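Residue numbers (the working numbering): 1447 to 1918.
Ideal Cβ placement from N, Cα and C applies to all residues, glycine included.
Just so you know, these numbers come straight off a predicted model, no measurement behind them.
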Ligand code: FAD
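Below, the structure written as C-alpha cells:
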C-alpha cells in the first residue's frame, strides 16, 4: 500500500488541485496535511484579516474532506520538521504540493524539497495558482516583462483551451499513527477583539468561492466593463480573497465564464474581466522576478524621492477613515468593517497617503496587509507601487488623483460615501463630495475638516517629484 502526503498551503480546494489529483491517482492512500508555520514568512506572515479568512477556509476544507471520509491533518510547527514527523508516522513515500511565488516561500520550499529528497522521500510540485508561471513567460529578447500590455498580449494567447481538473472522485485516506492532529481552533487565528463582525458577508472556502463566481456571472459580468469602477455597485466579482487562498483557480474562473458566456444568448464579453485576472498574473510575474518589490522601489530612480517625515498622527487619521476627504474615509471604513475595499477607492486612498500626505507607500502597504482579507504580497506591492509612481508600468507620478473629482465621477450620487460615512448620509448634492464647501453644514454634520489642503499638497508633491528629476 503506498501512501502520499498532500501538503495543502494556499490551494485550499479539492477540484482543479493538481497536487491532490496526482497524489490520489498515483497512491493507494493520501494524507491531507496543513502545516502552520507563519514565522517562515517573517514580515509577511498573514495579517489579522487573512488569519480570520484562513481559519474559516481550513474549516471548510476539513468539512469537504470529511464528506469523502477524510480528515485534514493540522500541525503547527516548522514545515520541514512537521513533514518529517508525518512521514515517520505514516510511512508516506512522496510529498505533493502546489507552488507559491513569494520569495521567502520559494526559498523555504526549495530547502524542504532538498532535505526530503536527501531523506529518500520523493517530492512533486505543481502549478495551481496561475495561468502561466513566472518563468514560463518571457519577452522576445528573453527575460521578464516590465510592461503590462505586451505581457497580457502574450499571456492571452496561452489561456484558451486549458481545462481545469475535476475533483478526484474515489478517495482513500491513510491513518496517521502516533501523533494526533492539532485542532484548527488551536492555531488561534481568530481576532480576540470583536472586530471581524462585518466579515460575515464572506463565505471562505471552495463552496463560497463558487457561490461568489456564479452570483457575479448572473448579475454583474454583462456590465463589468462599465460598472467595475463604481464603488456603490456590486459590479466586480469579489473573488480576490478566494483566489488568494486558492479556493478557486483562475483556470476554473475562465472556463466557467467562457461556458456561461457561450450559453447566454447575449454572450457577455468576458475579455475585460480576463484582463484584470491578467493583472494578478503580472503581479506574480513581477514579484517572482523582482523579489525586493514589496519593500523597495521597482524603479530605482525613486530611491531618492523626498518622502515627508513619518507622521504618526496623519497615518492614524488615514487608517481610521477620519481624513475629512469623504471618498477616502468611505474606503478606509469599508476596509475596517469588511476586510475589503473597491479597487478604484484603493487607488484614491493610496494616492492621498503617498502624494498629498507624502507618506512612504510601504506604510500603506503594511496597513492593507493587516486589514485586507485578500492581502496578497504580489498584488499589494504592485498596487502600492503603481499608485506611488515607483512601480513597473506605474501611473506617472505627476498624475495625482483629485479625490473630489474622482468621487463626483465614480460615485455621482454619493451612495458609496453615504453608506460608509453616516455623518454625510443627508449631505445635500455636491456637499457629499466636499462638505467643507458649506461651513454651517460641516459644523452640523460632525464630520472632520480635511486634514490636508488638496491643492497645496498636490503642488508640494509635484515639487518633490521635480526635485527628484533634477537630481537624476
Ligand atoms: P475584480 O474586478 O472582480 O477582478 C477579478 C480578479 O482580478 C481579482 O479578484 C484579482 O485577483 C484580479 N485583479 C483585479 N484587479 C487587479 C489589480 N489591479 N491588480 C492585481 N490583480 C487584480 N488585490 C489583491 O488581490 N490583494 C491585494 O493585497 C491588493 N492590494 C491592492 C493595493 C492597492 C493600493 C491597489 C490599488 C490595488 C490592490 N489590489 C489587490 C488589486 C485590486 O484592488 C483587487 O484585486 C480587487 O479590488 C479585488 O476585487 P475583485 O475580486 O472584486 O476584483
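Item, Value
"In DSSP terms, what residue 1518 is bridged to", "1478"
"Cβ separation of residue 1835 and residue 1841, assumed to be a contact under 8 Å, to the nearest whole Å", "6 Å"
"Local conformation of residue 1702 per DSSP, three classes", "helix"
"Proximity winner among 1805, 1743, 1637 and 1613, relative to residue 1513 (alpha-carbon distances)", "1613"
"Environment of residue 1812 [buried if 16+ CB atoms lie within 10 Å]", "buried"
"Per-residue DSSP class, three states only, for residue 1628", "strand"
"Buried/exposed call for residue 1830, threshold 16 Cβ in 10 Å", "buried"
"Selected residue, minimal CA-CA separation from residue 1526, among 1553, 1915, 1765 and 1507", "1553"
"8 Å contact criterion, which residue 1751 and residue 1910 should meet: CB distance rounded", "7 Å"
"Residue 1844 (DSSP reduced to helix, strand or coil)", "coil"
"Where the beta strand (DSSP E) containing residue 1541 begins and where it ends", "1540-1544"
"Own chain partners of residue 1809 with C-beta closer than 8 Å, once the 5 adjacent residues on each side are dropped", "1756, 1761 and 1799"
"Environment of residue 1563 [buried if 16+ CB atoms lie within 10 Å]", "exposed"
"CB of residue 1692 within 7 Å of CB of residue 1471, strictly", "no"
"Cβ separation of residue 1707 and residue 1611, assumed to be a contact under 8 Å, to the nearest whole Å", "About 22 Å; that fails the 8 Å criterion."
"DSSP three-state assignment for residue 1510, whether helix, strand or coil", "helix"
"N- and C-terminal bounds of the beta strand (DSSP E) containing residue 1769", "No beta strand (DSSP E) holds residue 1769; DSSP gives it neither H nor E."
"Cβ-based burial, residue 1540 [other Cβ within 10 Å; buried from 16]", "buried"
"Inter-residue Cα distance where the pair is residue 1856 and residue 1776", "13 Å"
"Backbone secondary structure at residue 1499 - three-state DSSP", "helix"
"Range covered by the beta strand (DSSP E) that runs through residue 1429", "Residue 1429 lies beyond the residue range present for the chain, which begins at 1447 and ends at 1918; the question has no answer from this structure."
"Where the beta strand (DSSP E) containing residue 1878 begins and where it ends", "First-last for residue 1878: undefined, no H or E at that position."
"Near the ligand FAD: residue 1674 beta-carbon under 6 Å from a heavy atom", "yes"
"Pairwise C-alpha distance: residue 1736 and residue 1659", "31 Å"
"Straight-line gap, residue 1666 to residue 1678 (C-alpha atoms, nearest Å)", "13 Å"
"Cα-Cα separation between residue 1804 and residue 1886, rounded to whole angstroms", "30 Å"
"Beta-carbon gap between residue 1505 and residue 1647 smaller than 7 Å", "no"
"DSSP-derived helix/strand/coil call for residue 1527", "helix"
"Residue 1500 beta carbon near the ligand PLP (any heavy atom closer than 6 Å)", "Judged by which ligands are present, the ligand PLP is missing from the structure shown, whose ligands are the ligand FAD."
"Limits of the unbroken beta strand (DSSP E) element including residue 1827", "No beta strand (DSSP E) holds residue 1827; the alpha helix (DSSP H) holding it covers 1823-1834."
"Contacting residues, own chain, Cβ-Cβ under 7 Å from residue 1491 (five flanking each side not counted)", "1484 and 1485"
"CB of residue 1847 within 7 Å of CB of residue 1908, strictly", "no"
"Residue from 1891, 1734 and 1912 whose Cα sits closest to the Cα of residue 1590", "1734"
"In DSSP terms, what residue 1619 is bridged to", "1476"
"Contact check, residue 1465 vs residue 1476, beta carbons under 7 Å", "no"
"Beta-carbon gap between residue 1687 and residue 1820 smaller than 7 Å", "yes"
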